[in-house]
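Asker:
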Amino acid sequence: MNHGDHGGHGGGHDMPGMPTGPTCTMNMLWNTQIEDTCIVFRSWHISSTTAFVFSCAAVVGLGVLYEWLRAAQRTLDRRIAATLSAQGKGKGLARGEGTGGVGGGLVSGRSTPEYESEEAGLLTGSLVPKARPGTLLPVSARASRAALYGASVFLSFFLMLVFMTYNAYLILATVVGAALGHFVFSTHMDIDAVLSGGADGKGMACH
């Protein structure tokens, strides 16, 4: 029996069920691994240092994109608010007009509108429905805001998954991208809003 032929075939047989392509290394602890790191998808497989550098650059870009989406949401809100204000909307409720009550909707002689007063039901003997604050938005404006919000939520969770690789380089790339995007797109501050505690302090992990 010629065993030499079998020796030539020893490394050529694949066992059933064994992976034939690149494998992804899953780490649940802090690590600095480069090769065989997969980012979110199996297809985003890192096979070399060069590919890892480009992947880190892509993650930085996603962090910048997330901050751009947040800035775009604020810009869109200001544009919608300016349009509605020019149409004369959003002012009547603030003055307590059009509520149908005595003195512009006041029931106790105070400056609290009836629809906001917790004592209105006791004073009038009837149930007073509470109006929703703000101005009703057109469908187109709501759709635009929803699209930007949905994109920012998706990207936020995607970057969270990048964070969950526990890879120090990818985590650093995520933070650098967010910081760079914040530096580029958050160039102005509403001082009055900050001092009154009404500033938008949402970060990448909040919605």
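Residue numbers (the numbering used here): 12 to 218. All C-beta atoms, glycine included, are put in the ideal place defined by N, C-alpha and C.
Does DSSP classify C35 as helix, strand or coil?
Answerer: coil
Asker: Cα separation between H6 and L170?
Answerer: Beyond the ends of the chain as shown, which are 12 and 218, falls residue 6; an answer cannot be given.
Asker: What residues match up with C67 in a beta bridge as DSSP calls it?
Answerer: In the DSSP output, where bridge partners are listed per residue, C67 has none listed.
Asker: Could you give the DSSP three-state label for H56: helix, strand or coil?
Answerer: Correct three-state label for H56: strand.
Asker: Tell me whether D16 sits in a helix, a strand or coil according to DSSP, three-state version.
Answerer: Because the pLDDT at D16 is just 49, under 50, the model does not fix this residue reliably, and the point stays unresolved.
Asker: Would you list the one or two residues that DSSP bridges to T48?
Answerer: I57
Asker: Starting from the Cα of N38, find the closest Cα among A69, L76 and V173 and give me that residue.
Answerer: V173
Asker: Does the count of Cβ pairs from the stretch 53-71 and the stretch 156-165 closer than 8 Å reach three?
Answerer: no
Asker: Work out the CA separation of G192 and Q44 for me, nearest whole Å.
Answerer: A direct Cα-Cα distance of roughly 26 Å separates Q44 from G192.
Asker: Below 8 Å on the Cβ atoms is my guess for Y77 versus A190; work out the distance and round it to an integer in Å.
Answerer: Contact flag wrong, Cβ pair sits at about 11 Å.
Asker: Between the alpha carbons of I202 and A82, how many angstroms are there, rounded?
Answerer: Distance between the alpha carbons of I202 and A82: 17 Å.
Asker: Let's see if you can read the secondary structure: which residues bound the alpha helix (DSSP H) around M200?
Answerer: Looking at the DSSP string, M200 is not in any alpha helix (DSSP H), and its letter there is neither H nor E.
Asker: Counting only the same chain and skipping the five closest in sequence on each side, list residues whose C-beta sits under 6 Å from that of A152.
Answerer: I91
Asker: Of the residues H199, V205 and L181, which one's Cα is nearest the Cα of G72?
Answerer: Nearest of H199, V205 and L181 to G72, Cα basis: L181.
Asker: Please state whether DSSP places L104 in a helix, a strand or coil.
Answerer: With a pLDDT of 47 at L104, under the threshold of 50, the predicted position of this residue should be treated as unreliable, though the coordinate-derived value follows. Helix at L104.
Asker: Relative to the alpha-carbon of L40, which residue among H199, G208 and M175 has its alpha-carbon at the smallest distance?
Answerer: M175
Asker: Mind checking whether L80 and L206 have CB atoms under 9 Å apart?
Answerer: no
Asker: Can you grab the Cα-Cα spacing for the pair T146 / R85, in whole Å?
Answerer: 17 Å
Asker: Rounded to whole angstroms, what's the CA-CA distance from R143 to V150? Just pull it up for me.
Answerer: Rounded to whole angstroms, R143 to V150 spans 17 Å at the Cα level.
Asker: Would you kindly check if the distance between the Cβ of V75 and the Cβ of I50 is under 9 Å?
Answerer: The answer is no: Cβ separation not under 9 Å.
Asker: In whole angstroms, what is the alpha-carbon distance linking D47 and N178?
Answerer: 12 Å
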